[in-house]
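**Student:** The structure that follows is given in the form of structure tokens.
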DNA sequence: GCGACAG
DNA sequence: ATCTTGTCGC
């Protein structure tokens, strides 16, 4: 009889690593949709954002959020908040194994309840190809859902020589206005993403990378076009609404 | 060995 | 991710 046992953390990470390497080959790094070819993204009507928010002392309970916004108006057309019980811990490089299952469930609910509102592209809070094994959560969600995805991280993941060193800070300082960007090139010369000044009033950039079914330049341009503030509106709305859900359903513990 | 490390 | 108010500036 085959015995199953909870793998040690290190073995679990090895399994996850090979899973990421396997799925990495399924990522499509070019524009596959008609609207992506158009200078003004004509034909793009719905963009989504996903995020998970947690309660302070509980890292196992979270509110999984999916929002669909109109484009280019960026008004919320659909919202889904769902409390979920996470099983996987947060380990840098393996964020997808912790959060993706619940994001896929949210997309599934959308498909069943409002199929007409299925998004044409999903913004994910985190990285895509800008990852240790070039398969961050944006790629993971993209490959498993089949939807075009863009990864937008608020902090730089230190992969293959990328770091917030002097040279990096210098390049950031050179970003003059919203829309300006520079490539994030690894020590081996590969471009894994771009640092983007998402709007005029932010000195701190966001890190954009390919998730699935979109080119890097299109992802950067689209991200900029979805920014009212530093963080793309779809992700920002998902964050705001999931936190609001927690505030109203799980009031801070009193004395 | 030490530090760094998406959310 | 989360703990946290006001404050300075456009």
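In full-length UniProt numbering, the protein residues as written are 1 to 255.
Beta carbons are placed, not taken as given, at the ideal position from N, Cα and C, and that holds for glycine.
These numbers come from a predicted model, not from an experiment.
1. Could you tell me whether the region 15 to 22 touches the region 197 to 205, where touching means 3 or more Cβ pairs closer than 8 Å?
2. By the DSSP assignment, the alpha helix (DSSP H) with residue 211 in it spans what residues?
3. Nearest CA to the CA of residue 102: which residue from 28, 88, 164 and 155?
4. Rounding to the nearest angstrom, what Cα-Cα distance links residue 172 and residue 113 in this structure?
5. Skipping 5 residues on each side, what residues in its chain have a beta carbon closer than 6 Å to that of residue 248?
6. Would you call the region 153 to 168 in contact with the region 68 to 83, where contact means no fewer than 3 C-beta pairs closer than 8 Å?
7. Could I get the ranges of all uninterrupted beta strand (DSSP E) runs contained in the region 109 to 191, with 3 residues as the minimum, in chain order?
8. Going by Cα to Cα distance, which pick from 34, 72, 75 and 85 is closest to residue 59?
9. Where does the unbroken alpha helix (DSSP H) through residue 245 begin, and where does it stop?
10. Going by Cα to Cα distance, which pick from 188, 153 and 205 is closest to residue 49?
11. Please tell me whether residue 191 and residue 150 are closer than 8 Å, where the distance is taken between their beta carbons.
**Tutor:** On the basis of the data shown:
1. The answer is no - the region 197 to 205 does not touch the region 15 to 22, with fewer than three Cβ pairs under 8 Å.
2. From DSSP, residue 211 is part of no alpha helix (DSSP H) but of the beta strand (DSSP E) over 206 to 212.
3. 88
4. 43 Å
5. none
6. no
7. 121 to 125, 149 to 153 and 181 to 185
8. 85
9. 233 to 249
10. When 188, 153 and 205 are compared, the shortest CA-CA separation from residue 49 is found for 153.
11. no
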